[in-house]
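Every letter in the sequence shown is one number past the one before it in our numbering, and letter 58, counting from 1, is 235.
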Amino acid sequence: MFTILTSIIYACVFFLLILSWIAGSKASKLLYGGSTERLHRKTRKQIVWAVYLTLPAIGLVAATLAMAATMAPVFWEDRVLLHLPLALVPVLSVWVLAVPRLTKLWKATRNVSAAPLPVEIRKQAAQPLVILPYRMSTIGAATIFYFLLVTPVPFRLGPVLVPILLAAAAVAALGYAQERKYGRVGDANAPAPTLPRGRWLRAAGISCVVIGVAALIFIVGSRSSRLPAAMSMADGPMDFGGGTVLVHDPRTDLSLAMLTGPRDREPDRKITLTAEKKTIELSPGEPFEAWTFNGQLPGPELRMKQGELVEVTLINRDIEEGATIHWHGLDVPNAEDGVAGATQEAVMPGERHVYRFVAEQTGTFWYHSHQHSQEAVKKGLFGSLVVEPEAAEGIGAEEEDLTIMTHVWKGVGMAIGDRSGIQRKKVVPGTPVRLRLINTEDWVRQDYTLTGTPFRVAAIDGTDLNGPQELENVRIELTTGGRMDLTFLMPDAPVFLSVGRSGKLGVLLSRDGTGSVPDLPETTAFNPIDYGTPAAAAAIQADSDFDREFEMILDNKLAFYNGEFGSLYTINGEVFPNTPMFMVQEGDLVKTTISNRGAVDHPMHLHGHHMLVLSRNGEPSTGSPWYSDTLDVQPGEIYEVAFVADNPGLWMDHCHNLVHASVGMSMHLMYEGITTPYQIGSDTGNHPE
């Protein structure tokens, strides 16, 4: 509904702008027509133009009021306070001020054929209150259009004053010019008015001035938007979420470089990952240069047991842009998080970096480079990561455990691992099966449909669900970076997992590895909000006493970023490094309300923590506790989430549509007293995106 209403608003504003511009131009030319007979016809048409520009204004009002009646104020507050007055006041002035005078003029010229126009008729045609309302409508629509492109959220009076004052100044200037013209027309001895001879030359001159001013604004905007050559991620505006203002005391500061995994004992598991370029040919005749871990696409699957101390050595052989390893969804100590410029220096060619952490969580995760992450993930610097339970009740030899990692590769398109088409596997009937779904593709909400057996959603984003029920004819929708585990007992008949709602890509399980792909059923999307059973004693409740409450508003705007102009994706109206830094103390109970006013979905990924979903669109979470580290917030949605600040450090919180993060849709969660010795910027070589 939000997307439909927003589209209607955009369309109505566009048509209001065009139609009012045409109507205003025609109104200003009423005076020039020669005979009263011609003026009579033009006056009638001008009244009709009032109807034309009123229709999109009505559509704008209706869509805005529908939004106000069905959605939270964050979606419509600025529209009601700004858009409606800017649309309604000029249109009402057209009907209250201009149309009655046009009607009077139309009647006055109905049976008169004099030429040139009598002075009294001229004065009526040049009356400012006939022309100015149409011009006001153009200015109002243009101002609304500006606010649509540069949204004033969170809504504050200060940022909207300048555009409003400029619009008022434009109306005043036009009124003054029209008043002067009206004064000249009133001179009985003056010749009949004609269109100025040099109007095209004057228009060209005005256009040159406008282009010059726009070019100057473009140059200044481009230069002022360039990111610093070196800066700390700990810099930036601080938001304390209504809690205690945290005072910086250098005497008690702790560098996040000290927040490492255990270094005082031998690791239980040692792993080496070598980042290197390799020419890969997944489709015959279409080789491409991939960025790989250990020469594989994707990188090798890492499996470990809960409680193990794991040591991973990253070696960069030849990735000139540098590399790191971020453990997506695994809540490791801050210094092991693998974010270039925030928790470490990027590992450049010929260098190595050692990560150490205890695998405390069980579940499905993945790892990827967080240096030039959009390009790195696209080209292959990622792999799956599974933490198995340490006790015997975990994964046993009798269980079939399959990782389904989807990605788009050059020459192949969407694939499972590095293979397209249908993959077949033998599974003995009666075997417990776990399918670990991981979506790695940038800006793709992937669909998975399991047919041939009832199943359960056992885990979301690496966290087990409580009391999951059996499902049938339900599809799983995974956002970029998201994971879900599906479990079932293998039946006698084949089972098919479809990727992308088609029978052309997927995994077919059967007793002997053969069988045909079944027809896909009609499905509904899986909804975690009421799935499973509540926990007996949940640590966080919707009515808990929160220490800090933050607001995160996701939106779009047209602006410059690092010297380039384009459509940006904003957090609270800003892009990094001007986005807010949420400040917390260790032990704080934190609540965040996330609203998406934008045109596209945003999978918000908070490093180092899992967010408990309290509600979605006002509907409380009534099923199993639903924890997420990559939350898919679609247009028009509002989530309330909460977490305990129990992992000190400086943590990224960004959209995992990495193309969005690369143009500034990123912010940070910062703990009191934590500092970072690292910097980002062109002079540092660190580019986490």
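For every residue, glycine included, the Cβ atom is placed at its ideal position computed from N, Cα and C.
Burial state of residue i (16 or more Cβ within 10 Å)
i: GLU537; result: exposed
i: MET661; result: buried
i: THR456; result: exposed
i: CYS189; result: buried
i: SER314; result: buried
i: ALA303; result: buried
i: PHE395; result: exposed
i: MET435; result: exposed
i: THR180; result: exposed
i: MET847; result: buried
i: ASP689; result: exposed
i: ILE748; result: buried
i: GLU681; result: A quick correction: the sequence has Lys, not Glu, at residue 681. With fewer than 16 other Cβ atoms within 10 Å, it is exposed.
i: ARG596; result: exposed
Proximal residues to residue i (C-beta, below 7 angstroms), its chain only, five neighbours per side dropped
i: LEU351; result: LEU309, ARG312
i: VAL424; result: none
i: LYS358; result: ALA303
i: GLN856; result: ALA407, MET408, SER409, GLY518, ASN863
i: GLU528; result: ASN493
i: LEU263; result: GLY317, THR320, ILE321
i: GLU814; result: ASN773, ARG793, ASN794
i: GLU466; result: LYS454, THR456
Unbroken beta strand (DSSP E) run spanning residue i, endpoints
i: ILE298; result: Premise fails: ILE298 lies in the alpha helix (DSSP H), 296-302, not in any beta strand (DSSP E).
i: VAL610; result: 609-616
i: ALA592; result: 590-593
i: THR807; result: 807-810
i: PHE252; result: Taken as a continuous stretch (DSSP letters only), PHE252 belongs to no beta strand (DSSP E), being part of the alpha helix (DSSP H) at 250-255.
i: ARG403; result: First-last for ARG403: undefined, no H or E at that position.
i: TRP620; result: Segment: none, TRP620 is in no beta strand (DSSP E) and carries neither H nor E.
i: LEU655; result: 651-655
i: LYS455; result: 446-457
Residue i (DSSP reduced to helix, strand or coil)
i: THR328; result: coil
i: VAL777; result: coil
i: VAL604; result: coil
i: THR691; result: coil
i: ALA636; result: strand
i: ALA500; result: strand
i: ALA569; result: With a pLDDT of only 46 at ALA569, under 50, the local geometry of the prediction cannot be trusted, and no value is derived from it.
i: ASN511; result: helix
i: GLN355; result: helix
i: PRO797; result: strand
i: HIS782; result: strand
i: TYR746; result: strand
i: GLU849; result: coil
i: TYR209; result: coil
i: SER843; result: strand
i: SER184; result: helix
i: ASP830; result: strand
i: TRP586; result: strand
i: THR437; result: coil
i: ARG442; result: coil
Span of the alpha helix (DSSP H) around residue i
i: TYR229; result: 213-247
i: HIS549; result: Note, HIS549: premise wrong, no alpha helix (DSSP H); not H, not E.
i: LYS284; result: 276-285
i: LEU486; result: It is not in any alpha helix (DSSP H) - LEU486 instead sits in the beta strand (DSSP E) that spans 486-493.
Alpha carbon of residue i to alpha carbon of residue j, nearest angstrom
i: GLN548; j: ASN863; result: 7 angstroms
i: ALA234; j: GLN718; result: 44 angstroms
i: PRO871; j: ARG215; result: Residue 871 lies beyond the residue range present for the chain, which begins at 178 and ends at 866; the question has no answer from this structure.
i: ALA452; j: LEU232; result: 60 angstroms
i: ALA569; j: PRO427; result: Any reading at ALA569 must be qualified, since the residue scores a pLDDT of 46, below 50, and its modelled position is unreliable; no value is offered.
i: THR701; j: THR664; result: 18 angstroms
i: SER212; j: ILE186; result: 41 angstroms
i: GLY850; j: VAL676; result: 46 angstroms
i: ALA381; j: VAL228; result: 31 angstroms
i: THR691; j: THR580; result: 20 angstroms
i: GLY775; j: GLU443; result: 49 angstroms
Neighbourhood of residue i by C-beta, 6 angstroms cutoff - its chain only, sequence neighbours within 5 removed
i: PHE324; result: LEU259
i: ASP765; result: ASP724, ARG725, ALA822
Residues of its chain near residue i, where Cβ-Cβ distance is below 8 angstroms and the 5 sequence neighbours each way are ignored
i: ALA712; result: ASN643, SER801, PRO802
i: VAL836; result: GLN551, ASP619, TRP620
i: ARG440; result: ARG533
i: LEU735; result: LEU326, VAL327, PHE742, GLY743, SER744, LEU745
i: GLY607; result: LEU666, MET667
heavy atom of the ligand COA below 7 angstroms from residue i C-beta
i: ARG793; result: No copy of the ligand COA occurs in the structure displayed, which carries no ligand at all.
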